[in-house]
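Report on one structure; see the data block that follows.
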Amino acid sequence: MTSTNPARPNLPPPEMARRQAEWLAPARRWLLEQAELNWRRSVLDLGCGFGSVTPELVAGSIGAVVALDRNWAALHHDPAPFTGAVTSCADARRLPFADASFDLVLCQLALLWMPLEATLAEVRRVLMPGGALVAIEPDYGGMIEYPPEIASQDLWMAGLRRAGADPTVGRKLPGLLAQHGFTVKVELLNRLSPPAPERLDLLAGLPLDTTSTPELNRIERAAAALTGAWEQVVHLPFMFITAFLPRNAP
Ligand SMILES: C[S@@+](CC[C@H](N)C(=O)[O-])C[C@H]1O[C@@H](n2cnc3c(N)ncnc32)[C@H](O)[C@@H]1O
Numbered sequence: 006m007t008s009t010n011p012a013r014p015n016l017p018p019p020e021m022a023r024r025q026a027e028w029l030a031p032a033r034r035w036l037l038e039q040a041e042l043n044w045r046r047s048v049l050d051l052g053c054g055f056g057s058v059t060p061e062l063v064a065g066s067i068g069a070v071v072a073l074d075r076n077w078a079a080l081h082h083d084p085a086p087f088t089g090a091v092t093s094c095a096d097a098r099r100l101p102f103a104d105a106s107f108d109l110v111l112c113q114l115a116l117l118w119m120p121l122e123a124t125l126a127e128v129r130r131v132l133m134p135g136g137a138l139v140a141i142e143p144d145y146g147g148m149i150e151y152p153p154e155i156a157s158q159d160l161w162m163a164g165l166r167r168a169g170a171d172p173t174v175g176r177k178l179p180g181l182l183a184q185h186g187f188t189v190k191v192e193l194l195n196r197l198s199p200p201a202p203e204r205l206d207l208l209a210g211l212p213l214d215t216t217s218t219p220e221l222n223r224i225e226r227a228a229a230a231l232t233g234a235w236e237q238v239v240h241l242p243f244m245f246i247t248a249f250l251p252r253n254a255p
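When you line the sequence shown up against the numbering used here, it's residues 6 to 255, in that order.
Encoded structure:
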């Protein structure tokens with residue numbers, strides 16, 4: 006089992022982060038195209054982790070890329086993904102940048118871990134008029150799981166909350182961004198894949214209580230026993246958001 010470090014439940018191991026990023030790549034490519042990455046001159050990868058998306062931003066934009074995370078170890082684990090970018094170790098609640106410094110901000114699987122109101126206010130502050138936020142965030146409150154013996158939603162919701170995350174961040178983002186003056190477009194993941202067993206490793210890395218751990222072990226055994234095609238259906242809704250600031254925004 007390659008579970009998340011319990012001391013850092015908000016950061017899966019590098020290989021798992023890479024696989025998550027790969028799985029989200031087609032939708033992310035499309036979103037970044039909508040946000041006109043190829044014309045962007047100053048891009049912020051907010052909550053970049055090990056930099057699983059940073060190389061795409063460096064390759065696809067025409068200016069500077071800053072990869073920011075508060076986790077120093079993630080930024081220094083492997084310099085390769087940060088080639089061509091500048092790293093910044095800082096907290097999303099107090100971004101160390103002047104107003105209107107960026108024309109694109111990307112957040113992938115990061116906002117759920119951040120204090121939402123304070124972070125969105127900072128994103129709004131550092132974006133220039135005409136700038137865009139691309140956000141790829143889940144909503145565990147809308148999970149579909151079948152058959153019932155593999156249902157893990159309650160454990161996710163409780164474990165994420167206990168770890169300080171907001172498991173239903175996805176549904177909150179569109180309205181909050183609109184309140185901050187953004188024009189918001191939202192897509193939902195339209196692809197259902199057979200579930201990856203690693204999802205339960207991620208769950209095991211959350212701070213579970215004494216009743217959750219045996220329950221998770223039971224779910225793992227039930228899931229492992231269902232080996233036939235489509236014997237298990239698991240869907241975690243992802244919100245794919247492009248939010249634009251008007252060119253004449255104050
Ligand atoms: C699940 S990881 C996502 C990493 C990367 N975006 C990816 O898709 O692979 C969430 C990241 O957000 C960072 N993070 C959480 N809260 C933060 C905060 N307040 N300020 C800056 N980074 C934060 C964590 O350190 C972690 O690296």
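We put the CB at the ideal spot given by N, CA and C, even for glycine.
### Message
Quick check on Ile-141: buried or exposed, where buried means 16 or more other Cβ atoms within 10 Å of its Cβ?
### Response
buried
### Message
Between Tyr-145 and Trp-161, how many whole angstroms is the CB-CB distance? I'm expecting something under 8 Å.
### Response
5 Å
### Message
For a test of the three-state rule: what should DSSP assign to Glu-220, helix, strand or coil?
### Response
helix
### Query
By how many angstroms is the C-alpha of Thr-247 removed from the C-alpha of Gln-39?
7 Å
### Query
Secondary structure at Pro-153, three-state DSSP: helix, strand or coil?
helix
### Query
Would the beta-carbon of Thr-92 be found less than 8 Å away from any heavy atom of ligand 3?
For the structure depicted, ligand 3 is absent and the ligand set comprises only ligand 1.
### Task
Can you check the stretch 29-107 for any alpha helix (DSSP H) of at least 4 residues that lies completely inside it and give the ranges in chain order?
59-65, 77-81
### Task
Report all residues from its chain with a CB closer than 7 Å to the CB of Gly-54; omit the five preceding and five following residues, and keep chain order.
Leu-16, Ala-22, Asp-74, Ala-79
### Query
How would you label Asp-108, buried or exposed, when you count the other beta carbons within 10 angstroms and need 16 or more for buried?
buried
### Query
Can you list, in chain order, the stretches of the alpha helix (DSSP H) that have 4 or more residues and sit fully within the stretch 154-201?
158-167, 174-184
### Task
Rounded to whole angstroms, what's the CA-CA distance from Leu-37 to Ala-156? Just pull it up for me.
33 Å
### Query
Skipping 5 residues on each side, what residues in its chain have a beta carbon closer than 6 Å to that of Leu-100?
Glu-127, Val-131
### Message
Here's a check: name, in chain order, each residue in its chain whose Cβ is nearer than 7 Å to the Cβ of Thr-173, leaving out the five neighbours to either side.
### Response
Asp-144, Tyr-145, Gly-146
### Message
Cutting at 6 Å between CB atoms, please list the residues of its own chain near His-82, excluding the five before and the five after it.
### Response
Phe-55
### Query
Thinking C-beta only, is Pro-120 closer than 9 Å to Ala-168?
no
### Task
Since I believe Arg-33 is in contact with Ile-67 (beta carbons under 8 Å), could you give me their beta-carbon distance rounded to a whole number of angstroms?
Their Cβ separation, rounded to whole angstroms, is 18 Å, which puts Ile-67 and Arg-33 out of contact at 8 Å.
### Query
Under the rule that 16 or more other beta-carbon atoms within 10 Å means buried, what is Gln-25, buried or exposed?
buried
### Message
When you compare the CB positions of Asp-50 and Val-71, do they come within less than 9 Å of one another, or not?
### Response
yes
### Message
To the nearest angstrom, how far is the alpha carbon of Ala-254 from that of Gly-164?
### Response
39 Å
### Query
Does any residue of chain D bring its CB to less than 9 Å from the CB of Thr-232?
Considering every chain present, this structure includes no chain D. It has just one protein chain.
### Message
Are there any heavy atoms of ligand 1 lying less than 8 Å away from the beta-carbon of Gln-25, as far as the coordinates show?
### Response
yes
### Alpha-carbon to alpha-carbon, Val-238 and Ala-115
25 Å
### Query
Taking 8 Å as the cut-off, does the CB of Pro-84 come closer than this to any heavy atom belonging to ligand 1?
no
### Query
Since Glu-142 is in the beta strand (DSSP E), which residue starts that stretch and which ends it?
132-143
### Nearest residue (CA-CA) to Trp-35, options His-185, Leu-193, Glu-220, Arg-176
Leu-193
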